[in-house]
Amino acid sequence: AAPVEDHDEL
Amino acid sequence: MNIFRLLGDLSHLLAIIILLLKIWKTRSCAGISGKSQILFAIVYTTRYLDLLTTYISAYNTVMKLVFIVASYATVYLMYVKFKATYDHNHDTFRIEFLLVPALILALLINHEFTVLEVLWTFSIYLESVAILPQLFLVSKTGEAESITSHYLFALGSYRALYLLNWVYRYFVEDHYELIAIVAGVVQTILYCDFFYLYITKVLKGKKLQLPA
């Protein structure tokens, strides 16, 4: 799986 | 960042400020569900743990801190400072029926089985139903003060604006986060009947009365 991107939303 | 998400965050911030001002100015938390406020404090605590690990932007960090501090301040005002005005007779929604399923679902359906990611997912699922005790309280009392309905309108609008943000990000940035989108749709749907009452009644100066 693609590395989980940082959650950039609040 | 896009205009939908910015308006959503500002609507969210407005809701939290309206609620704090209502409780502080009227020195009363009548008509407000303390259980929903506890759930929101849990939502922000479990979602914003990445404050300790990841720096996104000054805006992101500041807003997260504001949401965490404001949610705990609201819980403090309701359960400690203005405890005498807390409507515990009507605020009876069993929040364990929201917490346990959200946690189980987060353990089953997530992007990555790590503590931070599972807690983030738990907070997304929990937020989608966190308003239920508040809506339940309004339905039990059959009415809501205007200031409370403005709070609910701002809070409901925030996630509705986030839906537009996700549409924007899908088409413009080719980015989407399915878990947040599905939970956000559920969360916004829960506000639909309130939105209808707010637009047809409160905006015409009438009090928000639920049909008995």
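Residue numbers (the numbering used here), protein chains in the order written: chain H, 2 to 11; chain Y, 2 to 213.
Glycine included, each C-beta is placed from N, C-alpha and C at the ideal position.
Since we're looking at a predicted model, the values are computed, not measured.
Considering only the beta carbon of each residue, do residue i and residue j sit closer than 8 Å?
| i | j | result |
| --- | --- | --- |
| A131(Y) | F41(Y) | yes |
| S158(Y) | S12(Y) | yes |
| I96(Y) | I39(Y) | yes |
| L191(Y) | Y199(Y) | no |
| K65(Y) | Y49(Y) | yes |
| L127(Y) | L99(Y) | yes |
| T62(Y) | L52(Y) | yes |
| A74(Y) | L156(Y) | no |
| V203(Y) | S150(Y) | yes |
| G185(Y) | L164(Y) | yes |
Nearest-angstrom Cα distance between residue i and residue j?
| i | j | result |
| --- | --- | --- |
| I148(Y) | K23(Y) | 7 Å |
| T115(Y) | L138(Y) | 35 Å |
| T47(Y) | L120(Y) | 5 Å |
| Y177(Y) | D9(H) | 12 Å |
| V76(Y) | L211(Y) | 26 Å |
| G32(Y) | I19(Y) | 14 Å |
| H91(Y) | K141(Y) | 7 Å |
| F154(Y) | T93(Y) | 22 Å |
| T189(Y) | H112(Y) | 22 Å |
| T86(Y) | C30(Y) | 6 Å |
| S72(Y) | K205(Y) | 30 Å |
| I69(Y) | D175(Y) | 30 Å |
| L105(Y) | I43(Y) | Sequence check: residue 105(Y) is Ile here, not Leu. Rounded to whole angstroms, I105(Y) to I43(Y) spans 16 Å at the Cα level. |
| V187(Y) | Y152(Y) | 19 Å |
| H89(Y) | P134(Y) | 12 Å |
| L78(Y) | A107(Y) | 30 Å |
| A2(H) | L7(Y) | Residue placement at A2(H) is poorly supported in this model, since its pLDDT is 41, which falls under 50; the coordinates still yield a value, given next. For A2(H) and L7(Y), the distance between alpha carbons rounds to 30 Å. |
| W167(Y) | S58(Y) | 19 Å |
| V183(Y) | L11(H) | 16 Å |
| W25(Y) | A103(Y) | 32 Å |
| K82(Y) | E144(Y) | 24 Å |
| C193(Y) | K84(Y) | 31 Å |
| I180(Y) | Y45(Y) | 17 Å |
| A16(Y) | L136(Y) | 15 Å |
| R28(Y) | S37(Y) | 19 Å |
| K207(Y) | F5(Y) | 29 Å |
| R160(Y) | E146(Y) | 22 Å |
Report the CB separation of residue i from residue j in whole angstroms; it is logged as a contact under 8 Å.
| i | j | result |
| --- | --- | --- |
| L162(Y) | G35(Y) | Between G35(Y) and L162(Y) the Cβ distance is about 26 Å, and since that is not below 8 Å, they are no contact. |
| V101(Y) | L14(Y) | Incorrect: roughly 30 Å between the Cβ atoms, too far for contact. |
| Y169(Y) | N3(Y) | 5 Å |
| D7(H) | T55(Y) | 5 Å |
Tell me, please, which residues DSSP counts as bridged to residue i.
| i | result |
| --- | --- |
| Q210(Y) | E144(Y) |
Checklist entry - Along the chain, which unbroken stretches of the alpha helix (DSSP H) at least 4 residues long are found entirely within the region 89-113 of chain Y? => result 97-109
Checklist entry - Can you list, in chain order, the stretches of the alpha helix (DSSP H) that have 4 or more residues and sit fully within the region 142-212 of chain Y? => result 147-173, 179-191, 193-201
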